[in-house]
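Asks: Let me give you the structure first, and then I'll get to my questions.
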Amino acid sequence: MASSLLGGAESFTLIRGVTPKRIAFLGFLSIIYDDVINPGHWTEDMRDDALEPADLNNRNMIVVDGGGGTGFTTLGIVKHVDAKNVTILDQSPHQLAKAKQKEPLKECKIIEGDAEDLPFPTDYADRYVSAGSIEYWPDP
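Taking UniProt numbering, the leading residue of the sequence shown gets 1, the next gets one more, and so forth.
Below is the structure:
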């Protein structure tokens, strides 16, 4: 069972506020997230509307998707920005393993980390985006 919860994630790093129990929960969630959970409350149209204020108007912009999970929001970002310029950051190695499997996201940088403690220098990116993830953050 534990290996199936890894969902392609070989190992994980404990992040502030993220317990092994939470990692296991997020591992289970990653198995059903794209097919069961997401379609019921977060559609492509809703995602695209949420991204509109980010004004993703240049394919060369550097964009960080904080709490990017399985890459659903990131798929909307790469419609407007080259994938090689996009970083997906998430606390769950299981969710990130799902994102890595999506062809349009193959060139994105994938980082396991804390959206509340970004591992980037100030002004690293042109846009920092987060949509549909705050309810999973340890201490929003």
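Cβ coordinates follow ideal geometry from the N, Cα and C atoms, glycine included.
Just to confirm the assignment: which complete alpha helix (DSSP H) runs, minimum length 4, are found wholly within the segment 5 to 82?
Replies: Within the segment 5 to 82, the complete alpha helix (DSSP H) runs of at least 4 residues are 20 to 32, 38 to 41, 44 to 51 and 72 to 77.
Asks: Comparing C-alpha positions only, which one of THR74, ILE134 and VAL63 sits nearest to GLU116?
Replies: Start at 1 with the first residue of the sequence shown, and residue 116 comes out as number 116. It is ILE134 whose Cα lies nearest to the Cα of GLU116.
Asks: What is the DSSP secondary structure of LEU89, reduced to helix, strand or coil?
Replies: Against the sequence shown, residue 89 aligns to sequence position 89. LEU89: strand per DSSP, three-state reduction.
Asks: Between TYR128 and GLY66, is the Cβ-Cβ spacing less than 8 Å?
Replies: Counting from one through the sequence shown, the residue named residue 128 turns up at place 128. Counting from one through the sequence shown, the residue named residue 66 turns up at place 66. Contact flag set, yes.
Asks: In the DSSP output, which residue or residues are listed as bridge partners for LYS109?
Replies: By 1-based counting over the sequence shown, the position of residue 109 is 109. For LYS109, which the question treats as bridged, DSSP gives the partners THR87.
Asks: What does a CB cutoff of less than 7 Å around THR74 pick up in its chain, not counting 5 residues either side in sequence?
Replies: For the purposes of this step, residue 74 is identified with residue 74 of the sequence shown, where counting begins at 1. ASP65, GLY68, VAL86, ILE88, ALA99, LEU105 and CYS108.
Asks: Alpha carbons only, please: which of ALA54, PHE25, ASP35 and ILE110 is nearest the one belonging to VAL81?
Replies: The sequence position of residue 81 within the sequence shown is 81, counting from 1. For the residues ALA54, PHE25, ASP35 and ILE110, the minimum Cα distance to VAL81 belongs to ALA54.
Asks: Let me confirm a value: TRP62 is counted as buried when at least 16 other C-beta atoms fall within 10 Å, else exposed. Which label applies?
Replies: By one-based count along the sequence shown, residue 62 stands at place 62. Just to set this straight, residue 62 is Ile in the shown sequence, not Trp. Under this definition ILE62 is a buried residue.
Asks: Leaving aside the five residues before and after GLY113 along the sequence, list all residues of the same chain whose C-beta is less than 8 Å from its C-beta, in chain order.
Replies: Counting from one through the sequence shown, the residue named residue 113 turns up at place 113. Answer for GLY113: ILE15, LEU89, ASP90, GLN91 and PRO119, listed in chain order.
Asks: Assuming LEU51 contacts GLY76 (C-beta within less than 8 Å), just tell me the rounded distance between them.
Replies: In the sequence shown, counting from the first residue as 1, residue 51 sits at position 51. In the sequence shown, counting from the first residue as 1, residue 76 sits at position 76. LEU51 to GLY76, Cβ: 5 Å. Contact.
Asks: Between which two residues does the beta strand (DSSP E) carrying CYS128 extend?
Replies: Numbered from 1 along the sequence shown, position 128 holds the residue referred to as residue 128. In the sequence on display, residue 128 carries Tyr and not Cys. Where TYR128 is concerned, the enclosing beta strand (DSSP E) stretches over 127 to 129.
Asks: In chain order, what residues of the same chain lie with their CB nearer than 7 Å to the CB of ILE110, ignoring the 5 residues before and after it?
Replies: Position 110 of the sequence shown, counted from the first residue, corresponds to residue 110. Counting only Cβ-Cβ distances below 7 Å, and skipping sequence neighbours, we find ILE88, LEU96, ALA99 and LYS100.
Asks: For THR70, I'd like the list of residues in its chain whose CB is within less than 7 Å of its CB, leaving aside the five on either flank, ordered along the chain.
Replies: To locate residue 70, count along the sequence shown from 1; it is residue 70. Answer for THR70: SER30, TYR33, ASP34, GLN95, LYS98 and ALA99, listed in chain order.
Asks: Would the beta-carbon of ARG47 fall within 8 Å of that of PHE25?
Replies: Translated into the one-based positions of the sequence shown, residue 47 becomes position 47. Translated into the one-based positions of the sequence shown, residue 25 becomes position 25. Their beta carbons are not under 8 Å apart, which means ARG47 does not touch PHE25 by this criterion.
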